[in-house]
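Presented below is the structure to which this report refers.
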Amino acid sequence: MSYSKPKFRHPELPTNELGFTKRDYEGAISTLCAGCGHDSISAAILNACFEMSIQPHRVAKLSGIGCSSKSPAYFLGKSHGFNSVHGRMPSVATGANLANRDLIYIGISGDGDSASIGLGQFMHVVRRNLNMLYVVENNGCYGLTKGQDSATADLGSATKKGNANPYEPMDLVSLALQIGATFVARSFSGDKKQLEPLIKAAITHKGFALIDVVSPCVTFNNSVTSTKGYQYVREHMSHMAVDFVPMREEICTSYQAGTTQQVCMHDGSAVHLHKTGADFDIHDRHAAMEAVYQHKKAGEILTGLLYMAHDSDDLHEVLGTVSKPLNALSENELCPGSRFLDSINEGLR
Amino acid sequence: MRRIEAVNDFVIKFANVNGTGSASANHMFAKSIFRMGIPVSPRNIFPSNIQGLPTWYEVRVSQRGYLGRRGGVDIMLCVNPQSMADDIQSLDPGGYFIYDSTKPLDTRLMRKDVEFIGIPFTQICLREYEDARLRLLFKNMIYVGALAALLNIDFAVLKDLVSDQFKGKEKLITPNVHAMELGFQYAIENFSCPLGIRVERASEIGEHISYTHHILMDGNTATALGAIYGGATVAGWYPITPSTSVVEAFERYARRLRIDPGTGKNNFAIVQAEDELSAMGIVLGAAWNGARAFTATSGPGLSLMTEFLGLAYFAEVPVVLINVQRAGPSTGMPTRTQQPDILAAAYASHGDTKHVLLFPSTPRECFDMSAQAFDLADRLQTPIIMMSDLDLGMNEHMSPPLEWDDSRKFDRGKVLTAEDLDSMDARFGRYLDTDADGIPYRTYPGTHPEKGAFFTRGSSRDVYATYTEDGEAYVHNMQRLLKKFETAKRYVPAPKIKMAKQKASVGALFFGTTASPCYEAVEMLAKEGHAVDTIRIRAFPFNQDVEKFISEHEMVFVIEQNRDGQLRRLLINEGELPPNKLISILHYDGMPITARSIAMSMRDSLSDNKVTPIIRKTVRKTAKKVKS
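So the protein lines, in turn, are chains A and B. First residue of the first sequence? That's 8 in this note's numbering, and the numbers climb one at a time after it. First residue of the second sequence? That's 158 in this note's numbering, and the numbers climb one at a time after it.
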C-alpha cells in the first residue's frame, strides 16, 4: 500500500454541479487491509456524494469503534468526523443531529458495534427515526481484534480460525423492520451498482435509513467456510437492481415493463427497483419481513431496498423543534433575562 | 417534667405512611411558617417506594437562619403506627408527641419526659367524610389545622396557601380549609394553645431581620432554571432518583420560555434516552456540534457515563453533567442523601483524566453554577460536573432570590467562524496551543467549505487532528491537557473563606450541603471559646487559596458526607498537603449531616477531655421573648 496521496490531478477530471471533482470528496489514505469490503463502501459513499453534488462540509460523519468505524477518515476529508465510543455512535449522532438539523449525517458502524455492544443504541436510534444514513459494514467478525466471531456470524459459519460459530445470528435488517425503521436496505460491498443508488436514496430519505452491507473481511473471514466471504455472498445473493433518479431528472429505465417498481421519495426523487427473485410491495413492512425470512430459509441473502415508509416524522418533527438549527439560536432567543426571574421569585415566596 | 419552650427555634418531624398525600400537607405547614417571615428548612425523608412504607418530613424552624439539620426532634407528629415506638424514642426530653388517639396509645410506649397530645384524626375523618380517599387526604389537612392552633400559626396564611395550591380547582379550597378548621377547633377546645413551642411573626418579637424577600425553592428546579438561562438547548437523560426532577423542571420551564414566538416550535430538544450511556452520548454529540447540552443523573448513572466522560475529556468536548448525589450503589439507598461521588467524578474514566467539579450549596448557587457550567464547559472545552445532592436537589431551601445580570453574555469559548478561518494565515490545528493556556480552538461541523474540518478521536492524533500513534505527540497532548486544567483554576468559582472573630489556629473545610450545619457548629463552638476559621470549597481544581488556608492553620477539619473522606483524599492527592493536618469529620447514614454532630466531633478533637457529652438546656434563651 502507499502511504501518501499524490497531489497530481488530472486537468480533465469530471466535475459535478458544484464544480467539484471526485478528489474533493476523498479522505485520508485507507489503512484497512487490501481488498477490504469497507474500502469499497467508502468509495460508494464518495461517488454517491459526488454525483449528488453534496457539499462535503455539510456532511458530518460519525462512527463507533472497529475497522468499520475507522473508515470515515477515508472519505469526505472536508467533513467533520467523530470516531466515538464502541457501540455508542447512535447516541452521539442523535445529539449531533439535534444540535444542527441542516447537516447530512452519515453513521458508519460494524456488526460488532451495532449488533453486540451497541445493539441497544442501534434499536433506539431506529425507534427515534433520526434523520441519518446508517451503514453497517457487516463482516461477521471482529477485525480489529483479529477475527473473533460477531453476533451476525451465521450458525455454522467458520472464520479463518476454523471453528464453526455455535450461536444463532442477529439480523439487523429483520430487527430494524420489526421496530419500525422507515428505510431498510441490504447490499453487498462488491456490488457498487446496487450500493450507490441505495446510498443516494438513503441520504434523500427523511428519517432513519439503514443499509446493512455485507462487507467481507479479507484477512479473517473470507474463507470458503464463511458465509460472509466474497465467494459465498456472490453465490447466494438474491439481487434486486436499484436505480436512484434525483428529483430534477427525467425518469427513464432500462428494465422491461412490468418488472420495475417506481418508488417516489419525499423531495420528488424516485427509486426504481428491478425485481428478480422477490416480488413484494416496498411499502409493505410485513412483506419485507416475510421476504427476508423466506430468502434466509432458502439459504439466500436478499439484497436491495426492502422497505421504505411512505412518509414519516423524523425526530425533529416528533419533538417539534424549530427549523433553525439549535446551535445557531442566539442568546436573545435562549435566555429569558432578569424580568422573568422576578415572576419566578414571586411564585416561590 | 420540664417542657421545651421556644419561639421560632425548633425541629418538628412528621411521621407518615408514604403514598397518602402527606408531603404536600407538610409542605403547606412549612410554607406557612416561611410566609410568616421565619426561616424554615423542610426535609422529606422518604423511602424508595410508592405506597405503604414509613416516610418522614422534618422541618427546622430557626429565627437565626440556620438551615442545616440541627439534630434531635422537639415535636413529633405521628400518624403512622408502624414507626410510632421509634418515633417516641427519637424525641428530645421535654418534647411533644402529637398522635392519632382514635385508638388508645400503648402505655408501654409512653415516656415520662415527653408531653403526649392525642387528637383523634381518624375518628374526625370517619365522622366527617364518606369517601375512603377523602378520609385519607383530609386527615393530613386536619393535623395541619391542629398544628396551627398548637403552634400559633396564622390561620389566614394557611388559607392563602390552600387558595394558591388549588388555583384553577377552586371547589377544592373550601373543603380543605374546612378540614384545617376541624383540626384547629379540636386543638383549641382540648388543649392549652399554643404550646411551649410556638411561632411568632419576626416583627412581633423585635427581630430586625426579615426573610420575606427570600424564596423557598428546591435545588433541582433552580438547576433546571440555570440550564435555561445558561442557554442549554439539548438535554439527553435517563430517569434516576434524585436527579429526575432536574430535567422535568427543565422541560416545564422550556415549554414556557423557549417557544419560538413566530412558529410555536421548540427552541430546545429533550430526549429520554434508553440508558445513561446514551444520555451522555446525546450530550456529547450535541456539544460537539455546537449546541449547549446537558444531562442530569446520580451515582449509578455517573458510572455508566464514565466512558463517554473520558472521551469528552480527551476529545475536548464541552459537556455539562449535573450529578445529584445519593447514597450508593444501584440497589443502595436511592432516596437517601450523601456526598459519595467526589472521587468517582473527579477522576471519572480510564486513562489520565480529571474533571472540573462545581459544588453548589444553596438553590441560588445551583442556579448560578448551572448557568455558569455552560460557560465554563465552552471556555475550557471539557466536561463540567456539578455536584449537587439529594438534600439540596429535592428539598426546598430558603434562599436569597434568584438574580440575573442582563448585561452578561454567554462565553462560547474559542470557536472559529468561517470569517476567522478565512482571515487566518496559519493552518488550522484543532489541538494547537495557540494562546499558551492549554485551550485550543475549535470549529463546529459545517462551518467552512474548505477549512476547519477535522476528525475527532480520543487521543491518537497530532495537533492537526491527523491520525498518529506517535508517543511524543501523545505526551505533548497530555501535557497540554494538564496545562488546561491549571488554566481552569482561573475560571472556576473561588472558595468562600470566613475568618473567626479571634485569631484561630483551627480551620474547617467543607462543601455543598455540609456547609450550612458546619457554619452553625462553628458558631456553637465560638460560644464555647473555640475559634474556628472556615473555607467552603466551591470547585475542583482547587485554587491556591485552598492550599494557603490549610498551610495557615495547625489543624483543619474536613467535613463531608461519605465514609472515606473523599474530598480530603482529593486535597491530599492534588495539593501535596500534610495528611495528618487534615482531620476528617464524616457522616454517611443517608440523612443530612447535623450541626450537633459536627460540633460534637470538633469539640472532641479540640478539648482535652475527649468525652464531652452534649447537654441541651431544656429551655432555650430564645424562648424568653414570648408574647403573653
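Using N, Cα and C, we set each Cβ at its ideal position, and we do this for glycine too.
Are the Cβ atoms of E357 (chain B) and G302 (chain B) separated by less than 8 Å? Looking up residue 357 (chain B) in the second sequence gives position 200. Looking up residue 302 (chain B) in the second sequence gives position 145. Not in contact: E357 (chain B) and G302 (chain B) (Cβ atoms no closer than 8 Å).
Determine, using beta carbons only, whether I354 (chain B) comes closer than 8 Å to chain C. Here the protein chains are A and B, and chain C is not one of them.
Of the residues that make up the segment 483-514 of chain B, which ones have a beta carbon closer than 9 Å to any beta carbon in chain A? none
Enumerate in chain order the residues of its own chain whose CB-to-CB distance from T177 (chain B) is below 6 Å, with the five nearest sequence positions on each side excluded. What you label residue 177 (chain B) is simply residue 20 of the second sequence in a count that begins at 1. Cβ within range, chain order: L293.
Along the beta strand (DSSP E) that carries N173 (chain B), what are the first and last residues, could you check? Walking along the second sequence from the start, residue 173 (chain B) turns up at place 16. Per DSSP, N173 (chain B) belongs to the beta strand (DSSP E) from D166 to V174.
Closer than 9 Å at the beta carbon, the chain B residues around Q155 (chain A): On the first sequence, position 148 is the one that residue 155 (chain A) refers to. Those within 9 Å of Q155 (chain A) in chain B number zero; the least Cβ separation is about 21 Å.
Answer with yes or no whether the minimum CB distance from L468 (chain B) to chain A is below 8 Å. Position 311 of the second sequence, counted from the first residue, corresponds to residue 468 (chain B). Cβ-Cβ to chain A under 8 Å: yes for L468 (chain B).
Tell me which residues of the segment 99-127 of chain A have at least one Cβ-Cβ distance to chain B shorter than 8 Å, keeping chain order. V99, A100, T101, G102, A103, N104, L105, A106, N107, D109, L110 and G127
Same chain only: Cβ atoms within 6 Å of G393 (chain B), ignoring 5 sequence neighbours per side: In the second sequence, counting from the first residue as 1, residue 393 (chain B) sits at position 236. These residues qualify, in order along the chain: V428, A430, A436, I439, V440 and T452.
Beta-carbon proximity of I210 (chain A) to L140 (chain A), cut-off 8 Å: Here the question's residue 210 (chain A) lines up with position 203 in the first sequence. Here the question's residue 140 (chain A) lines up with position 133 in the first sequence. Yes. Within cutoff.
Can you tell me whether DSSP reads N552 (chain B) as helix, strand or coil? Within the second sequence, numbered from 1, the residue matching residue 552 (chain B) stands at position 395. Coil.
Mind checking the segment 232-250 of chain A against chain B and listing, in chain order, the residues whose C-beta falls within less than 7 Å of any C-beta there? none
To which residues does DSSP link N424 (chain B) through a beta bridge? To locate residue 424 (chain B), count along the second sequence from 1; it is residue 267. Paired residues: none, contrary to the question.
By Cβ distance, which residues of its chain are closer than 8 Å to T328 (chain A), with the 5 residues on each side in sequence left out? In the first sequence, counting from the first residue as 1, residue 328 (chain A) sits at position 321. Correct list, in chain order: L105 and R108.
Secondary structure at T463 (chain B), three-state DSSP: helix, strand or coil? Sequence index remark: in the second sequence, residue 463 (chain B) carries index 306 (1-based). Three-state result, T463 (chain B): helix.
Run down chain A in chain order and give the residues with a C-beta less than 9 Å from the C-beta of D619 (chain B). Looking up residue 619 (chain B) in the second sequence gives position 462. Within 9 Å Cβ-Cβ: nothing; D619 (chain B) doesn't reach chain A, min ~13 Å.
Check for me: the alpha helix (DSSP H) holding M635 (chain B) runs from which residue to which? Locating residue 635 (chain B) in the second sequence gives position 478, where the first residue counts as 1. Its alpha helix (DSSP H) spans residues G628 to Y648.
What are the residues that DSSP puts in a beta bridge with F82 (chain A)? By one-based count along the first sequence, residue 82 (chain A) stands at place 75. For F82 (chain A), which the question treats as bridged, DSSP gives the partners A:E33.
Does the CB of W445 (chain B) have a neighbour CB from chain A at under 8 Å? Here the question's residue 445 (chain B) lines up with position 288 in the second sequence. Output row for W445 (chain B): interface = yes.
Taking just the CA atoms, how far does R599 (chain B) sit from L573 (chain B)? Stepping through the second sequence from its first residue, residue 573 (chain B) is reached at position 416. Stepping through the second sequence from its first residue, residue 599 (chain B) is reached at position 442. About 6 Å.
Check this for me: beta carbons of L341 (chain A) and T390 (chain B), under 8 Å apart or not? Position 334 of the first sequence, counting from 1, holds the residue named residue 341 (chain A). Position 233 of the second sequence, counting from 1, holds the residue named residue 390 (chain B). Their beta carbons are under 8 Å apart, which means L341 (chain A) touches T390 (chain B) by this criterion.
V278 (chain A) vs L322 (chain A) beta-carbon contact at 8 Å: Here residue 278 (chain A) refers to the residue found at position 271 when the first sequence is read from its first residue. Here residue 322 (chain A) refers to the residue found at position 315 when the first sequence is read from its first residue. No, they are not a contact pair.
Where DSSP assigns a beta bridge to L478 (chain B), which residues make up the other side? Translated into the one-based positions of the second sequence, residue 478 (chain B) becomes position 321. L478 (chain B) pairs with B:T452 and B:I542.
Within 8 Å of any Cβ in chain A, is that where the Cβ of S435 (chain B) sits? Taking the second sequence and counting its residues from 1, the one referred to as residue 435 (chain B) is at position 278. Output row for S435 (chain B): interface = yes.
Alpha-carbon spacing of R409 (chain B) relative to D178 (chain A), whole angstroms: Position 252 of the second sequence, counted from the start, is the residue given in the question as residue 409 (chain B). Position 171 of the first sequence, counted from the start, is the residue given in the question as residue 178 (chain A). Computed Cα separation, rounded: 40 Å.
Go ahead and pull the three-state DSSP assignment for Q208 (chain B). In the second sequence, counting from the first residue as 1, residue 208 (chain B) sits at position 51. It is coil, neither helix nor strand.
In angstroms with no decimal places, state the Cα-to-Cα distance between V513 (chain B) and F668 (chain B). Within the second sequence, the letter at position 356 stands for residue 513 (chain B). Within the second sequence, the letter at position 511 stands for residue 668 (chain B). Taking the straight line joining both Cα atoms gives about 15 Å.
Would you mind sorting R587 (chain B) into buried or exposed? The rule is 16 or more other CB atoms within 10 Å of its CB. Taking the second sequence and counting its residues from 1, one reaches residue 587 (chain B) at position 430. Label assigned to R587 (chain B): buried.
Would F227 (chain A) count as contacting chain B if we go by Cβ distances under 8 Å? Residue mapping note: residue 227 (chain A) aligns to position 220 of the first sequence, counting from 1. No, its Cβ sits nowhere closer than 8 Å to a Cβ of chain B.
For S47 (chain A), name the three-state secondary structure that DSSP assigns. Mapped onto the first sequence, residue 47 (chain A) falls at position 40. DSSP places S47 (chain A) in helix when its eight states are reduced to three.
In its own chain, which residues sit with a C-beta less than 8 Å from the C-beta of P63 (chain A), not counting the 5 before and 5 after it? For the purposes of this step, residue 63 (chain A) is identified with residue 56 of the first sequence, where counting begins at 1. Answer for P63 (chain A): F27, D31, Y32, C56, L83, G84, K85 and S86, listed in chain order.
With 8 Å as the limit, tell me which residues of the segment 40-55 of chain A have their beta carbon closer than that to any beta carbon of chain B; keep them in chain order. none
If you measure from the beta carbon of S350 (chain A) to each beta carbon in chain B, is any gap under 8 Å? Taking the first sequence and counting its residues from 1, the one referred to as residue 350 (chain A) is at position 343. Taking Cβ atoms only, chain B never reaches closer than 8 Å to S350 (chain A), which makes this a no.
Name, going along the chain, the residues of the segment 163-193 of chain B whose beta-carbon falls closer than 7 Å to a beta-carbon of chain A. none
If distances are taken between C-alpha atoms only, which option among B:A672, B:F706, B:H554 and B:D619 comes closest to I195 (chain B)? Within the second sequence, residue 195 (chain B) is the residue found at index 38, counting from 1. Out of B:A672, B:F706, B:H554 and B:D619, B:H554 has the C-alpha closest to the C-alpha of I195 (chain B).
Just the chain A side, please: which residues come within less than 8 Å of R614 (chain B) by C-beta, in chain order? Locating residue 614 (chain B) in the second sequence gives position 457, counting from the first residue. Those are N90, listed as they occur along chain A.
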